[in-house]
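Asker:
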Amino acid sequence: MNSDEKTLVQVRNLSVTYHTRLGPVSAVNDISFDINRSEILGLVGESGCGKSTLGKALMRMIMPPGEISGGSILFNGKDVMQFDQKRLRDFRGRQISMIFQDPMTSLNPVQRVDEHVIEAIQVHEEKPDKEDVISRVKALIERLGIQERRLRDYPHQLSGGMRQRVMIGLGLVLNADLIIADEATTSLDVIVEAMLVDQLREIREEFGVALLMITHNIALVAEIADRIAVMYAGKIVELGDIKEIFDNPLHPYTRGLLRSVPSIRLDDREELFKMSGEPPNLTHPPSGCRFHPRCPEAMPICSRIGPGMDEVSPGRWVHCWLYQDHPQKDRSTIKVNA
Amino acid sequence: MSSSLRNFLITRIFLTIPMIWILITMVFFVMRVLPGDPIRSQLGPKVSEEQANAIRERLGLNRPLYVQYFDFLWKMVTLDFGTALTQGERPIIDELGEKLPATIELTIPAMAFTAIFGIASGAYAAKNRKKPIDYGLRLFSIAVYSIPIFFMGLLFQIIFSVRIPILPLAGRMDTLMMTNFQPITHFYILDSILQGNWSAFWSCISHLILPSLTLGLALTGVFIRLTRVNMIEMLQADFITAGRARGLPEPRLVYKHALRNTFIPILTLIGLQFAILLAGAVLTETTFSWPGMGRYLVDRIELRDYTAVQATIGVFAFFVAIISLAMDFLYAFVDPRIRY
Ligand SMILES: Nc1ncnc2c1ncn2[C@@H]1O[C@H](COP(=O)(O)OP(=O)(O)O)[C@@H](O)[C@H]1O
Ligand SMILES: [Mg+2]
Numbered sequence: 308m309n310s311d312e313k314t315l316v317q318v319r320n321l322s323v324t325y326h327t328r329l330g331p332v333s334a335v336n337d338i339s340f341d342i343n344r345s346e347i348l349g350l351v352g353e354s355g356c357g358k359s360t361l362g363k364a365l366m367r368m369i370m371p372p373g374e375i376s377g378g379s380i381l382f383n384g385k386d387v388m389q390f391d392q393k394r395l396r397d398f399r400g401r402q403i404s405m406i407f408q409d410p411m412t413s414l415n416p417v418q419r420v421d422e423h424v425i426e427a428i429q430v431h432e433e434k435p436d437k438e439d440v441i442s443r444v445k446a447l448i449e450r451l452g453i454q455e456r457r458l459r460d461y462p463h464q465l466s467g468g469m470r471q472r473v474m475i476g477l478g479l480v481l482n483a484d485l486i487i488a489d490e491a492t493t494s495l496d497v498i499v500e501a502m503l504v505d506q507l508r509e510i511r512e513e514f515g516v517a518l519l520m521i522t523h524n525i526a527l528v529a530e531i532a533d534r535i536a537v538m539y540a541g542k543i544v545e546l547g548d549i550k551e552i553f554d555n556p557l558h559p560y561t562r563g564l565l566r567s568v569p570s571i572r573l574d575d576r577e578e579l580f581k582m583s584g585e586p587p588n589l590t591h592p593p594s595g596c597r598f599h600p601r602c603p604e605a606m607p608i609c610s611r612i613g614p615g616m617d618e619v620s621p622g623r624w625v626h627c628w629l630y631q632d633h634p635q636k637d638r639s640t641i642k643v644n645a
Numbered sequence: 033m034s035s036s037l038r039n040f041l042i043t044r045i046f047l048t049i050p051m052i053w054i055l056i057t058m059v060f061f062v063m064r065v066l067p068g069d070p071i072r073s074q075l076g077p078k079v080s081e082e083q084a085n086a087i088r089e090r091l092g093l094n095r096p097l098y099v100q101y102f103d104f105l106w107k108m109v110t111l112d113f114g115t116a117l118t119q120g121e122r123p124i125i126d127e128l129g130e131k132l133p134a135t136i137e138l139t140i141p142a143m144a145f146t147a148i149f150g151i152a153s154g155a156y157a158a159k160n161r162k163k164p165i166d167y168g169l170r171l172f173s174i175a176v177y178s179i180p181i182f183f184m185g186l187l188f189q190i191i192f193s194v195r196i197p198i199l200p201l202a203g204r205m206d207t208l209m210m211t212n213f214q215p216i217t218h219f220y221i222l223d224s225i226l227q228g229n230w231s232a233f234w235s236c237i238s239h240l241i242l243p244s245l246t247l248g249l250a251l252t253g254v255f256i257r258l259t260r261v262n263m264i265e266m267l268q269a270d271f272i273t274a275g276r277a278r279g280l281p282e283p284r285l286v287y288k289h290a291l292r293n294t295f296i297p298i299l300t301l302i303g304l305q306f307a308i309l310l311a312g313a314v315l316t317e318t319t320f321s322w323p324g325m326g327r328y329l330v331d332r333i334e335l336r337d338y339t340a341v342q343a344t345i346g347v348f349a350f351f352v353a354i355i356s357l358a359m360d361f362l363y364a365f366v367d368p369r370i371r372y
C-alpha cells in the first residue's frame, strides 16, 4: 500500500470506539486501506459491521459517544486528523462528501432544492458571482437529469430517486474528490436503483470523482465497483479487485457471502447474506480473529491470535490465518458450527 | 395552497363557532347557578325585596331562564353586548373598549419576551446540551413554570418597587398624570405618543415593565423546554448530519436549518399558550392592579354581573379561536409540506 500519485486516501490503523453504557463498542478496529483517485470502491458487509462508522470516520464525523480512538487518515497527502474545525469544514464539501441512505430525510424540508445547492457554494467559495453560481447549478442539475423547473421545488415534491440525485449534485458542485454513498440506493425501488447506479458510474467517468459505495448488497457492488473491501465485525477481512474476488474468494467469510448469492444479478435482497451463526456483539468481540466462531475453517490459533492484513498477491489483501504463517499455527481445523 | 389545506382551514373556521357557542352557554348557566345575584351582591341586604324586584324587572332578570338565554344568544349573534348590570350599568362595549386595550398592551410585550427569550435560550440549551448552561436553563425553566404568578409578581414588587424603588408598584400610569391625560384609543402608550406627551409615555413604559416581565417569565418555562426538546431532536435529523457533511458552519446548521424546522411545533405551542396567557393575564392584572380585562372579569364575577362576565369571556374565547386559527395559517406558511 505505497503512497503514490494515484492514491487519494490512505487509512492506517484506524479505530473507532463508541463509549456506550454497556461498555466500549469497537466498531472499527485497526483498519488500513487506500482509496485510489476516480475509483469505485465497494464496501460490503452485514449490517452492524461498522461500514457507516468507517465512512463517517473518513470525514471525521464521528459524534459522541463515539470517538476515533486511533490511526491516521491522509487525504491528498494531508493528515485529516490534524485539521482544525475551520479546515474540516472546508474539507467537507470541497474534498469529500457523503450521500445517506434515506433520501426522504437528508434534505432540509423547508428549503428549496436550489437553495441547498447555492448555499453549499456560498458557504465554501469566497464572493461567488451570482450569475455564475446560478448557471453552474442549472448545468449540474440538468446533467443529473432533473428538469430546471424542479429547482424551485421543496424536497417533499421530489421522488426518492430525484432527491438522491440532488444529494449527488450537492457532492459534485464543489468538485469533491471523494463521494461516500452510504446505502444510497437501498431505499429506492429496483429500477430507480439501477438508473442511479448507472448514473454514478457515468459521473465517475465524467468528473473523475472517486466513490466509496457502502452497501450490504453485494450484487450491487458487482455491477459498479472496481475493487471491493469486505468488512466483518469492524475489520476489513478481504480487499482486492472485484473480478479476482468474485472469481476466487479467499476469506471464508467472503466465500460464504458469495455462496449465499445464487446469481450475482439477483435482486431479492432478503436472500443475501444469510450465513449460519450470529453476527458478533461488538461490545465483547470474539478473541483472536473476530470471525472464528462462525468460520467453517477455524484453526486453534484463530481463537487466540488475530491475523494481520496480508498482501497475498499484488493488490490483494486478506485478513486470515489460512494464508499466513505463525509459529503457533497448526493446520487441524476445529469444528465450531454444525 | 392545496385544496385539502383550504378545506381544512374552512372546516377549522366553522368549528370555532360551535366552540364559542358551547363556552358562552356554559358561562351563562354557571353564572346563574352560582349563589347570589347582581342586585344583592352590589347593594347588599339594605334594599327591600320590592326594590330589588323592581330592579330585576328593569334588567329583565325576572324573565324565565330560557327566554333570557335565547335573548342573550340572539344578542351575541348580532354582536350586541348590552349593558352591564352593575357599577353604573354602562354599555359593555364601552367598558371593554377601555379594558381590552389595557390587556393587549400588557400581553403583547409579555408574549414577545416569552417567545424571543424562550426560543433563543431553548435553542442555546439544545446546542450546548449537557453543559452547565443547559442544566442552568432547565432549572430556570422549571422554576419559572412552577412559581405562581402572583408570588412572582409580589416578589418583583418587593424587590424593584419597595427595596430598590426604581419601578412603580402598580397601575398603568402615575395617578397624578392620569388626571390630565385624555385617552383616545385607550392604548396608553399609543395615546401618549399621539399626544406627544413624553412624560406620560415614560410613565406607561415604566409601569409596564414588571407586569409584562412577570407574565412573560411565567410562560417562558414551557417555551424553553419545548424548544430545547425539539431542537435536540432536530439536531440529530439526517439533514443536519448531511449539511455538516457538506461543510455548513455549525451556527448555520443550528440557528438556520434546525431552528427553522423547530418553529413548526413551536407555532402550535404559541397557539395553545395563548389561552394560558390570558389566564395568566387575569392573575397578573390582579397582582399589579392593572385595569384590564382580567381584573374586570374578576370584579364582575364577584358582583355577579352576568352580562359583563359573559361578554368578557366571549371576547376571550373569540381571541383564543382567532389566534389558533392564525397559527394554522402560519403553520402552512412555515411548512411547505402543508402548503404544496
Ligand atoms: N451512535 C452510536 N452509539 C453507540 N453505538 C453505535 C453508534 N453508532 C453505531 N454504533 C455501533 O457500532 C457498530 C457499527 O455500526 P454501523 O457503523 O452503523 O454499522 P453498519 O453501517 O455496517 O450497519 C454497531 O454495533 C452499532 O451498534
Ligand atoms: Mg450503516
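The listed protein sequences correspond, in order, to chains Y and F. Its first residue numbered 308, the first sequence is counted upward by one per residue in the numbering used here. Its first residue numbered 33, the second sequence is counted upward by one per residue in the numbering used here. All residues carry an ideal CB built from backbone N, CA and C; glycine is no exception.
Please classify Y/S359: does DSSP put it in a helix, a strand, or coil?
Answerer: Reading the first sequence from its first residue, position 52 is the one you call residue 359 of chain Y. It is helical.
Asker: At a Cβ threshold of 8 Å, is Y/E578 touching chain F?
Answerer: For the purposes of this step, residue 578 of chain Y is taken as the residue at position 271 of the first sequence. Reliability of the predicted coordinates at Y/E578 is poor, the pLDDT of 46 falling under 50, and no value is obtained from them.
Asker: Among the residues of its own chain, which have a CB less than 6 Å from the CB of F/S153, if the five just before and after it don't count?
Answerer: For the purposes of this step, residue 153 of chain F is taken as the residue at position 121 of the second sequence. These residues qualify, in order along the chain: L169, I256.
Asker: Mind pulling the chain B residues with CB within less than 8 Å of F/V366?
Answerer: The structure shown contains no chain B; its protein chains are Y and F.
Asker: Using a Cβ cut-off of 8 Å, pull out every chain F residue sitting near Y/T412, in sequence order please.
Answerer: On the first sequence, residue 412 of chain Y is found 105 positions in, with the first residue counted as 1. Ordered by position in chain F, the residues that pass the 8 Å Cβ test against Y/T412 are A269, D270, F271.
Asker: Use the C-beta contact count for F/Q214: other C-beta atoms within 10 angstroms, 16 or more gives buried, fewer gives exposed.
Answerer: To locate residue 214 of chain F, count along the second sequence from 1; it is residue 182. Its Cβ having fewer than 16 others within 10 Å, F/Q214 is exposed.
Asker: Quick check on DSSP: helix, strand or coil for Y/Y461?
Answerer: The residue given as residue 461 of chain Y occupies position 154 in the first sequence. In the structure shown, Y/Y461 sits in coil (DSSP, three-state: anything other than H, G, I, E or B).
Asker: According to DSSP, is Y/S442 helix, strand or coil?
Answerer: Working through the first sequence from its first residue, we reach residue 442 of chain Y at position 135. Helix.
Asker: How big is the Cα-Cα spacing for Y/V318 and Y/T327?
Answerer: By 1-based counting over the first sequence, the position of residue 318 of chain Y is 11. By 1-based counting over the first sequence, the position of residue 327 of chain Y is 20. Their backbone Cα atoms lie some 25 Å apart in a straight line.
Asker: What does a CB cutoff of less than 6 Å around F/N262 pick up in its chain, not counting 5 residues either side in sequence?
Answerer: Residue 262 of chain F sits at position 230 when you count from the first residue of the second sequence. Around F/N262: T294, P297.
Asker: Just the chain Y side, please: which residues come within less than 8 Å of F/M276 by C-beta, in chain order?
Answerer: Working through the second sequence from its first residue, we reach residue 276 of chain F at position 244. The sequence shown places Arg at residue 276 of chain F, rather than the Met named in the question. By Cβ distance, chain Y contributes M368, R399.
Asker: Measuring CB to CB, does Y/L361 end up less than 8 Å from Y/T590?
Answerer: What you label residue 361 of chain Y is simply residue 54 of the first sequence in a count that begins at 1. What you label residue 590 of chain Y is simply residue 283 of the first sequence in a count that begins at 1. No, Cβ-Cβ distance for Y/L361 and Y/T590 is not below 8 Å.
Asker: Measure the C-alpha to C-alpha separation of F/W234 and F/Q100 and round it to an integer number of angstroms.
Answerer: Within the second sequence, the letter at position 202 stands for residue 234 of chain F. Within the second sequence, the letter at position 68 stands for residue 100 of chain F. So the two alpha carbons sit approximately 46 Å from each other.
Asker: Could you tell me the distance, in whole angstroms, from the CA atom of F/C236 to the CA atom of F/Q189?
Answerer: Walking along the second sequence from the start, residue 236 of chain F turns up at place 204. Walking along the second sequence from the start, residue 189 of chain F turns up at place 157. F/C236 and F/Q189: Cα-Cα distance of roughly 16 Å.
Asker: Taking the DSSP output, what are the residues bridged to Y/P253?
Answerer: No answer is possible for residue 253 of chain Y: it lies beyond the span of chain Y, which begins at 308 and ends at 645.
Asker: In whole angstroms, give me the CA-to-CA distance for F/D112 and F/T207.
Answerer: Here residue 112 of chain F corresponds to residue number 80 of the second sequence, with the count starting at 1. Here residue 207 of chain F corresponds to residue number 175 of the second sequence, with the count starting at 1. Going from the Cα of F/D112 to the Cα of F/T207 covers about 33 Å.
Asker: So which of F/T217, F/L128, F/L247 has the shortest CA-CA distance to F/P180?
Answerer: Counted from its first residue, the second sequence places residue 180 of chain F at position 148. The shortest Cα separation from F/P180 among F/T217, F/L128, F/L247 belongs to F/L247.
Asker: In terms of alpha-carbon separation, which member of Y/E509, Y/G452, Y/I543 lies closest to Y/A334?
Answerer: As a position in the first sequence, residue 334 of chain Y is number 27, starting the count at 1. Here the closest residue by C-alpha is Y/I543.
Asker: Mind reading off the beta-carbon distance from F/R332 to F/V341? Whole number of angstroms is fine, and I expect it under 8 Å.
Answerer: Taking the second sequence and counting its residues from 1, one reaches residue 332 of chain F at position 300. Taking the second sequence and counting its residues from 1, one reaches residue 341 of chain F at position 309. With a Cβ gap of about 5 Å, F/R332 and F/V341 count as contacting.
Asker: Is the CB-CB distance between F/R278 and Y/A427 below 8 Å?
Answerer: Position 246 of the second sequence holds residue 278 of chain F. Position 120 of the first sequence holds residue 427 of chain Y. It is a contact, given that the beta carbons lie within the stated cut-off.
Asker: Between which two residues does the alpha helix (DSSP H) containing F/I216 stretch?
Answerer: Along the second sequence, one-based indexing puts residue 216 of chain F at 184. Careful: F/I216 lies outside any alpha helix (DSSP H) and carries neither H nor E.
Asker: Over the uninterrupted beta strand (DSSP E) stretch that includes Y/E455, give me the two end residues.
Answerer: Locating residue 455 of chain Y in the first sequence gives position 148, counting from the first residue. No beta strand (DSSP E) holds Y/E455; DSSP gives it neither H nor E.
Asker: Mind checking if Y/M520 is an interface residue toward chain F, Cβ cutoff 8 Å exclusive?
Answerer: Your numbering for residue 520 of chain Y matches position 213 in the first sequence. By this cut-off, Y/M520 is not an interface position.
Asker: What are the boundary residues of the beta strand (DSSP E) that Y/A605 is part of?
Answerer: The residue labelled residue 605 of chain Y in the question sits at position 298 within the first sequence. From DSSP, Y/A605 is part of no beta strand (DSSP E); its letter is neither H nor E.
Asker: Distance check for F/R260 and F/V254, CA to CA, integer angstroms please.
Answerer: Position 222 of the second sequence, counted from the first residue, corresponds to residue 254 of chain F. Position 228 of the second sequence, counted from the first residue, corresponds to residue 260 of chain F. The alpha-carbon of F/V254 is positioned some 10 Å away from that of F/R260.
Asker: Just to confirm the assignment, what range does the beta strand (DSSP E) spanning F/F192 have?
Answerer: Residue 192 of chain F sits at position 160 when you count from the first residue of the second sequence. Unbroken run through F/F192: none, as it is neither H nor E.
Asker: Leaving out five residues on either side along the sequence, give the residues of the same chain with a beta carbon under 6 Å from the beta carbon of Y/N309.
Answerer: In the first sequence, counting from the first residue as 1, residue 309 of chain Y sits at position 2. Residue confidence for Y/N309 is low, a pLDDT of 48 falling below 50, so the modelled location carries little weight and cannot support an answer.
Asker: Have a look at F/T57, F/S356, F/I54, F/F60 and flag the residue whose alpha-carbon is nearest the alpha-carbon of F/I308.
Answerer: Here residue 308 of chain F is taken as the residue at index 276 of the second sequence, counted from 1. Answer by Cα proximity: F/S356.
Asker: Could you check if Y/P268 is buried or exposed, using at least 16 other CB atoms within 10 Å of its CB as the buried criterion?
Answerer: No statement about residue 268 of chain Y is possible, as the shown extent of chain Y runs from 308 to 645 and does not include it.
Asker: Which of helix, strand or coil does DSSP assign to Y/Q317?
Answerer: For the purposes of this step, residue 317 of chain Y is taken as residue 10 along the first sequence, with counting starting at 1. Three-state result, Y/Q317: strand.
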